[in-house]
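Reviewing the structure listed below.
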Amino acid sequence: MDKIAEYQILDMQNPENKISVTIKITTIGFPVDEKLEYEQEGEWYEDITKISRTYEDLDLKDEWESFQSRLLPFLSDGNLRIILDIIDENDTYYNDKYKLKTDVLSVEIKDTQQ
């Protein structure tokens, strides 16, 4: 069974919800082959360490850097990846450790067994 899930991850420390990123996790086959991508300006990119945003507002620039410093460990945390795998479309997950909110935008499951 293959799965493609899209999530929006928001910074809970930014009350105006101006700081966020959309990610897509694709899992294929068993043993699982996983691909993590992020969306930037309508395109999907795989190197998650290169997520960037440009802000003219210096406060937003500082907030983005704070968000990014929490986002990368969040996405690398194996326990959290399991949680992301089991929450379903329209679910929301709050993480106090990283101060992030994750909304499931879509989940597509393909049964590949014949």
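Residue numbers (the numbering used here): 25 to 138.
Even for Gly, the Cβ is constructed at its ideal location relative to N, Cα and C.
Buried or exposed (CB count within 10 angstroms, at least 16 for buried), residue i
i           : result
residue 95  : buried
residue 110 : exposed
residue 62  : buried
residue 43  : buried
Per DSSP, cross-strand counterpart(s) of residue i
i           : result
residue 52  : 57
residue 67  : 64
residue 125 : 34, 118
Cβ shell of residue i (< 7 Å), same chain only, five flanking positions each side left out
i          : result
residue 98 : 104, 119, 122, 124
6 Å Cβ shell around residue i - same chain, five flanking residues per side excluded
i           : result
residue 126 : 31, 33, 117
residue 41  : 34
residue 70  : 61
For residue i, three-class secondary structure by DSSP
i          : result
residue 85 : helix
Distance between residue j and residue i (C-alpha atoms, nearest Å)
i          : j           : result
residue 81 : residue 112 : 35 Å
residue 77 : residue 85  : 8 Å
residue 79 : residue 101 : 28 Å
Close-in-space but distant-in-sequence residues of the same chain around residue i (CB under 8 Å, 5 per side omitted)
i          : result
residue 68 : 48, 61, 62
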